[in-house]
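Visitor: In terms of the working numbering, the sequence shown is residues 25 to 463. Have a look at the structure that comes next, please.
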Amino acid sequence: MEELFEQHINELIKTAPSKTFLLTVSGGADSSVLAYLFAHCHLSFAIAHCNFHLRGEESDLDMMFVRKMAKTYGVTYFEKEFNTIEIQEKSGNSIEMVARELRYNWFNEIGADFDYIVTAHHANDNAETILLNLSRGTGLKGLTGIPERNGKILRPLLPFSAQQIRQFAAEKNIAFRNDSSNYSEIFHRNKIRLSVIPKLEEVNPRLIQTLSHNSQLLQRQYQFYQHQLDKIKADLVQIRNEEIIISLEKLSLLDDKILILNEILRDYGFNEDTVKQIIHSEQELSGKKFLSPTHILVKDRNKLIINHLDSDIHHSITINSWEELSQYGFQTCQYPINQKPIFENNPNIIYVDETKINFPLILRHWKSGDFFFPFGMKGSKKLSDFFTNQKIDILTKDKIWLLCDGDKIIWVVGHRSDDRFKIDHKTINYIKIKYNESI
Numbered sequence: 025m026e027e028l029f030e031q032h033i034n035e036l037i038k039t040a041p042s043k044t045f046l047l048t049v050s051g052g053a054d055s056s057v058l059a060y061l062f063a064h065c066h067l068s069f070a071i072a073h074c075n076f077h078l079r080g081e082e083s084d085l086d087m088m089f090v091r092k093m094a095k096t097y098g099v100t101y102f103e104k105e106f107n108t109i110e111i112q113e114k115s116g117n118s119i120e121m122v123a124r125e126l127r128y129n130w131f132n133e134i135g136a137d138f139d140y141i142v143t144a145h146h147a148n149d150n151a152e153t154i155l156l157n158l159s160r161g162t163g164l165k166g167l168t169g170i171p172e173r174n175g176k177i178l179r180p181l182l183p184f185s186a187q188q189i190r191q192f193a194a195e196k197n198i199a200f201r202n203d204s205s206n207y208s209e210i211f212h213r214n215k216i217r218l219s220v221i222p223k224l225e226e227v228n229p230r231l232i233q234t235l236s237h238n239s240q241l242l243q244r245q246y247q248f249y250q251h252q253l254d255k256i257k258a259d260l261v262q263i264r265n266e267e268i269i270i271s272l273e274k275l276s277l278l279d280d281k282i283l284i285l286n287e288i289l290r291d292y293g294f295n296e297d298t299v300k301q302i303i304h305s306e307q308e309l310s311g312k313k314f315l316s317p318t319h320i321l322v323k324d325r326n327k328l329i330i331n332h333l334d335s336d337i338h339h340s341i342t343i344n345s346w347e348e349l350s351q352y353g354f355q356t357c358q359y360p361i362n363q364k365p366i367f368e369n370n371p372n373i374i375y376v377d378e379t380k381i382n383f384p385l386i387l388r389h390w391k392s393g394d395f396f397f398p399f400g401m402k403g404s405k406k407l408s409d410f411f412t413n414q415k416i417d418i419l420t421k422d423k424i425w426l427l428c429d430g431d432k433i434i435w436v437v438g439h440r441s442d443d444r445f446k447i448d449h450k451t452i453n454y455i456k457i458k459y460n461e462s463i
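Below you can see the structure in the form of structure tokens.
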């Protein structure tokens, strides 16, 4: 494996011996083998380790192990500790997502002085990513898996399987730490690794190698696809001042209008269902509007015109599920009532009784005559009076979102929820809704 690795990294980086590398090392088998290979290939590297404090004493022992490893190799060592649980609770995102963001933000910060930031992702990680993307729903890009190079990020272990890495660690007596959380199926990736892949390997014992080969092939195909798509975009799209203009006349000449338009409009936040509606409205009169979380699209005779959403505030968005609400800057989590909510002094977070909510919901701005029942108060209040009392100026109030159940306002977003949807003694499940101010 050592010779294959050296050959591979020299193919990836033609002048590898003259470059500097920051290795991200957890202390597990993969990253420990990665550090060993860099040392024995006489490459210039430093080691970085994150302690997320998610596994108590285990996390601290991992940190001490990696610290000792760096000393053994005589290389520069960086470490960072995070209060991940506290950060996750404030963000509303999953632990996995929060840890990933913290990790990469820090790596990019300290990696500025290095030519490359190196992770220990291997062929099994790539297979898990492909299957996870496939299960969630993905286009061609999601099936390409993990790239070996992505800017400064380098993943030289991708050609090697977890089995090869473990076998090499045993042969060379490379010490490493076992992460107990890798065996918990609470995390979706672990479920793919522990339950799904073994079943698929009964059908194809060479599943990891097959997915790795497919990933490489699809990456090349995707590059070709993007190159052709860029040519088509250049012909269809014009940018005039801040407006994006798409020629419907030229679009009509293409074989797969939905595919092409979807690829163009995804950059402006429009999903595939909306794209289909746009295509099907081609024969309708001019002036029809379509909305994404960030942009508004108007059909104008033989063209589509896209502007930032701020240019038109008098519109509403229909929301058919909690998942769909997440597309518009909201995060939602469902909890049973026996898991008590932690009420925070945060105007961008509310808790509502799930059974009191009826889809579809409406996301819109205020209009004259709107009223609601402010949480913690008795009786109703005109929204215009509420804005006045809160000293909200006319420009600001026109941009405030209302989350509504029919004619009922659930939440004056970022300001006050409605008392009619609150958690009470009859509540079985409740929803935590957080707004991220992205629309």
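Using N, Cα and C, we set each Cβ at its ideal position, and we do this for glycine too. If you're wondering where the values come from, they're calculated on a predicted model, not measured in any experiment.
(1) Compare the beta carbon distance of I170 and L181 with 8 Å and say whether it is the shorter of the two.
(2) With respect to 7 Å, is the separation between the Cβ of D291 and the closest non-hydrogen atom of the ligand SAM below this value?
(3) Does D336 come out as helix, strand or coil in the three-state DSSP assignment?
(4) Measure how close the beta-carbons of I269 and I216 come, nearest whole angstrom, since I'm counting them as under 8 Å.
(5) Buried or exposed for G135, going by 16 or more other Cβ atoms inside 10 Å?
(6) Return the CA-CA distance between H389 and D422, expressed in angstroms with no decimal places.
(7) For F69, which of N228, F76, R79 and A40 has the nearest alpha-carbon?
(8) Candidates Q245, I284 and S236: which alpha carbon is nearest A258's?
(9) Using the Cα positions of K274 and L260, report the straight-line distance between them to the nearest angstrom.
(10) Give the secondary structure of I361 by DSSP, where H, G and I count as helix, E and B as strand, and everything else as coil.
(11) Pop quiz: Y246 and T168 are said to be a contact at Cβ under 8 Å. What is the actual Cβ separation, rounded to whole angstroms?
(12) Classify L407 as buried or exposed, calling it buried when 16 or more other Cβ atoms lie within 10 Å of its own Cβ.
(13) Run through DSSP, which three-state label would N453 get?
(14) Which of helix, strand or coil does DSSP assign to F89?
(15) Between the segment 364 to 382 and the segment 446 to 457, can you find at least three pairs of beta-carbon atoms closer than 8 Å?
(16) Assign Q112 to one of two classes, buried (16 or more other C-beta atoms within 10 Å of its C-beta) or exposed (fewer than that).
(17) Taking only three categories from DSSP, how would you classify E26?
(18) Work out the CA separation of I302 and E296 for me, nearest whole Å.
(19) So what's K255 in DSSP terms, helix, strand or just coil?
(20) According to DSSP, which residues form a beta bridge with R290?
(21) Can you say whether L241 is buried or exposed, counting buried as having 16 or more other CB atoms within 10 angstroms of its CB?
(22) Considering only residues of the same chain and omitting the five flanking positions on each side of F397, which have a CB-CB separation below 8 Å?
(23) Taking Cβ positions, are N372 and Y292 nearer each other than 8 Å?
(24) Kindly indicate which residue of N148, N132, H32 and I341 has the alpha-carbon position closest to the one of P222.
(25) Is P398 helix, strand or coil by DSSP?
Guide: Based on what the coordinates show:
(1) No. Outside cutoff.
(2) Here there are no bound small molecules, and the ligand SAM is not part of this structure.
(3) Note that D336 has pLDDT 47, beneath the 50 cutoff, so the model's placement of it is unreliable and no number is given.
(4) The pair is not a contact, with the Cβ atoms about 43 Å apart (cut-off 8 Å).
(5) Counting Cβ neighbours within 10 Å, G135 comes out buried, since at least 16 surround it.
(6) Between H389 and D422, the C-alpha separation is close to 6 Å.
(7) Nearest to F69 by C-alpha distance, out of N228, F76, R79 and A40, is A40.
(8) Per the Cα distances, I284.
(9) Rounded to whole angstroms, the separation of the alpha carbons of L260 and K274 is 6 Å.
(10) Correct three-state label for I361: coil.
(11) Right, their Cβ atoms sit about 5 Å apart.
(12) Buried, by the Cβ-count rule.
(13) Reduced to three states, the DSSP call for N453 is strand.
(14) Three-state DSSP puts F89 in a helix.
(15) Counting Cβ pairs under 8 Å, three or more are found: they touch.
(16) Q112 is buried by the Cβ-count criterion.
(17) If DSSP states are grouped into helix, strand and coil, E26 belongs with the helices.
(18) If I take the Cα positions, the gap works out to 10 Å.
(19) Three-state DSSP puts K255 in a helix.
(20) Secondary-structure assignment with DSSP links R290 through no beta bridge to anything.
(21) Of the residues assessed, L241 falls on the exposed side of the cut-off, its CB having fewer than 16 other CB atoms within 10 angstroms.
(22) The residues are G403, S404, K405, D442, D443 and R444.
(23) No, the pair does not count as a contact, with Cβ atoms beyond the cut-off.
(24) When only C-alpha atoms are compared, the closest one is N148.
(25) The answer is strand: DSSP assigns P398 an E or B state.
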